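The structure appears below as structure tokens.
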Amino acid sequence: MSAPTPTTEAPTTTAAVSVTDVTKTFATAAGEVQALTAVDLTVAPGEFVSLIGPSGCGKSTLLRLIADLDTASSGRIEVFGKDPSRARRDQDYGIAFQQAGLLPWRTVAANIALPLEIHGIGAAERRARVTELTEMVGLTDFADRYPDQLSGGMQQRVAIARALAEQPRLLLLDEPFGALDEMTRERMQTELARIATETGAAVVFVTHSIPEAVFLSDRVVVMSPRPGRITAVVDVSFGATRRDEALREASVFFDSVTAVRAALHGETDGERAATREMR
Amino acid sequence: MTRADAAPDVVTAAARSTSVTATRPAGRGGRRRGAAWLWGVVGVAAVILLWEGYKLLAPEDGVIVADVRILPRTTDLAMPHVWDMVVRLAEPVTRQDGSPPLWTAVALAALTTLGIAAAGWLVGLVVGMALALVMQRWRLAEWGLLPWIILSQTVPLIAFAPIVRSWGSRIEIAGAQWQDWMSVAVIASYLAFFPIAVGALRGLQSPERLHAELFHTYSAGYWQTLWRLRLPAAVPYLLPALRLGAANAVVGAVVAEVSTGLQGGIGRLLIQFAGQASGDPAKAWGPIFGAVALGLIAAGSIALLGVILKNYRRGEVTA
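Sequences listed follow chains A and B, in order.
The numbering of the first sequence is our numbering, which starts it at 1 and goes up by one.
The numbering of the second sequence is our numbering, which starts it at 1001 and goes up by one.
And the structure:
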């Protein structure tokens, strides 16, 4: 494995993400819809935070606001102390979605190099960076393949490598493993845990899956719909315990799963079918 | 054409389903292409058989039902033998001494027309792409322009070919006189630009929202997004449009040649030899074969372009 990329700068007090009293309303044909209400959230540098909750709780919306793909109706969002649009232009974050979104006419290597090309990085540096990244996601032998020759899990690895291309200190991941089968999913989670540790990047991770959130995160942020808001924050740091396959069998893991499940169901009291489906 | 287009999809799908590590089965693609050629030859043979079979079996005066001839006469004058048509190609154009063989005259005329059609196609490509780019950039332009572009194709410009020619004869750019062939090329481009503009617009608009947002997160500007996302994504839409455009340019050039009376092209030759058909029926088929070859060359050039750009057509498979 390649040496960890030294992205961790001198310890800063600036939060990776700071969300203060954010509200988002969408105008629809049926009137205004409150997607987010009075959301407060702080993500420390290097911290792994999952957003979990039923459909319509605004977790993806929150991620999109942080990524400057949408703007908040009110409240304040800062990414490394900057305005989200400034942070986006500075390439302070890397992003990946549920669909890998690779360009089908580009090889794995060329897809990973895409952001570097757009930002005018020289060919030699680009090649070195791509070699490093393909190795990190375990796709060295597939660098010359095209996306249609890859499995879903491999495509998602490429998408994550691409998100890491600019060595961001923040990764925004919107259900990146949502379309994968359970076995691939668990393998990808282990890989992501390792990558997050290696790069030292903070991660905001949107998911539907309780075990996934618990396995990966330092903190799980539980959200609830109509209107979308944060109802609980569950601390799941396992101390010195490594995030590997053994953790999935450990009792601390199950305790945390139970805690997150209780937080998810507590405030809804079985009144919504959407939450019941999560069980 | 459809058979050949469908084949790669099947092959890649098979390659995907086997396994990621498996290499693309190269042999199957070749075999399929061979089969496509074989069926092409079978098709031509079937037409020849039908022609000669009818000529052999049907009555000399054609098939007449209730005083109406529903199938043509089978005399050598009306339906020359296929081999006579081919043999005629090798014989001199006229009986005069030193007259070149018919096929060279046909080939020369076909090349002339091909050149004019290519010029028209290029103009159509530039105009079509420019219109598509403007319409993609500004939604308002799409609303304003697209109806006019569609309307433009309802105007039979070929019918106005003599007028286009007379307009052209009054144009003089930097001392260079407007040439008659340029009028023909303009008419060809008028037919060619339409499918290119419409196809390119669809292609430029084809990238998914996900990709557009990804480029937004990279802070990629308009030109970066155009060059690295929209244009590559447009290729699968553009190739059939370019092929249609090429076919339109050839048809436009041939008909415009006839209509403006331009000498030297295949259109003129078609009319001229058809006039001599009563005395030399096989001769009229020379330029017809020439026109067919012309269409095949035009379509083949685009197919070649498709092979060069094959990596940009992967989107067709993954979808």
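We treat Cβ as the ideally placed atom computed from N, Cα and C, and that holds for glycine.
Since the model is a prediction, treat every value here as computed from it, not as a measurement.
DSSP three-state assignment for residue i, whether helix, strand or coil
i	result
residue 30 of chain A	coil
residue 94 of chain A	strand
residue 154 of chain A	helix
residue 1079 of chain B	coil
residue 14 of chain A	coil
residue 160 of chain A	helix
residue 70 of chain A	coil
residue 1113 of chain B	helix
residue 23 of chain A	strand
residue 235 of chain A	strand
residue 1156 of chain B	coil
residue 1279 of chain B	coil
residue 139 of chain A	coil
residue 1060 of chain B	coil
residue 128 of chain A	helix
residue 103 of chain A	coil
residue 1171 of chain B	coil
residue 145 of chain A	coil
residue 1022 of chain B	At residue 1022 of chain B, the pLDDT of 38 sits below 50, so the modelled position is not reliable and the matter cannot be decided from this model.
residue 1183 of chain B	helix
residue 76 of chain A	strand
residue 1251 of chain B	helix
residue 40 of chain A	strand
Proximity test, Cβ basis, 8 Å: residue i and chain A
i	result
residue 1307 of chain B	no
residue 1211 of chain B	yes
residue 1217 of chain B	yes
residue 1240 of chain B	no
residue 1220 of chain B	yes
residue 1231 of chain B	no
residue 1224 of chain B	yes
residue 1214 of chain B	yes
residue 1312 of chain B	yes
residue 1268 of chain B	no
residue 1228 of chain B	yes
Close-in-space but distant-in-sequence residues of the same chain around residue i (CB under 8 Å, 5 per side omitted)
i	result
residue 1228 of chain B	1215 and 1220
residue 260 of chain A	52, 210, 213, 214, 220, 222, 234 and 236
residue 1171 of chain B	1178
Residue i versus residue j - alpha carbon distance
i	j	result
residue 950 of chain B	residue 1273 of chain B	Residue 950 of chain B cannot be examined here, being either before or after the span of chain B that is shown, 1001 to 1319.
residue 25 of chain A	residue 1241 of chain B	43 Å
residue 190 of chain A	residue 213 of chain A	12 Å
residue 1277 of chain B	residue 1127 of chain B	40 Å
residue 1248 of chain B	residue 1191 of chain B	6 Å
residue 1032 of chain B	residue 42 of chain A	59 Å
residue 1160 of chain B	residue 1169 of chain B	14 Å
residue 252 of chain A	residue 246 of chain A	11 Å
residue 273 of chain A	residue 1037 of chain B	Bear in mind that the predicted position of residue 273 of chain A carries a pLDDT of just 46, short of 50, making it too unreliable to give a figure here.
residue 1279 of chain B	residue 1088 of chain B	13 Å
residue 1239 of chain B	residue 1150 of chain B	20 Å
residue 203 of chain A	residue 64 of chain A	14 Å
residue 168 of chain A	residue 115 of chain A	12 Å
residue 1226 of chain B	residue 1204 of chain B	8 Å
residue 1064 of chain B	residue 1077 of chain B	18 Å
residue 137 of chain A	residue 1182 of chain B	58 Å
Rounded distance between the beta-carbons of residue j and residue i, thought under 8 Å
i	j	result
residue 1266 of chain B	residue 1287 of chain B	5 Å
residue 112 of chain A	residue 84 of chain A	Actually they do not touch by this definition, with Cβ atoms about 24 Å apart.
residue 1210 of chain B	residue 97 of chain A	6 Å
residue 46 of chain A	residue 200 of chain A	5 Å
residue 94 of chain A	residue 164 of chain A	6 Å
residue 1180 of chain B	residue 1262 of chain B	5 Å
residue 1314 of chain B	residue 104 of chain A	4 Å
residue 22 of chain A	residue 75 of chain A	3 Å
Close Cβ partners of residue i (< 6 Å) along its chain, the five nearest in sequence each way excluded
i	result
residue 145 of chain A	108
residue 68 of chain A	84, 85 and 88
residue 18 of chain A	42 and 78
Other residues of its chain near residue i: CB distance less than 7 Å, five sequence neighbours each side excluded
i	result
residue 155 of chain A	100, 102 and 147
residue 1113 of chain B	1253, 1254, 1257, 1265, 1266, 1267 and 1294
residue 1058 of chain B	1071 and 1074
residue 1244 of chain B	1195
residue 1123 of chain B	1185 and 1189
Neighbour flag for residue i against chain B, beta carbons, 8 Å
i	result
residue 97 of chain A	yes
residue 115 of chain A	yes
residue 66 of chain A	no
residue 121 of chain A	no
residue 101 of chain A	yes
residue 148 of chain A	yes
residue 118 of chain A	yes
Chain E residues whose Cβ lies nearer than 8 Å to that of residue i
i	result
residue 1170 of chain B	Here chain E cannot be found, since the structure's protein chains are A and B.
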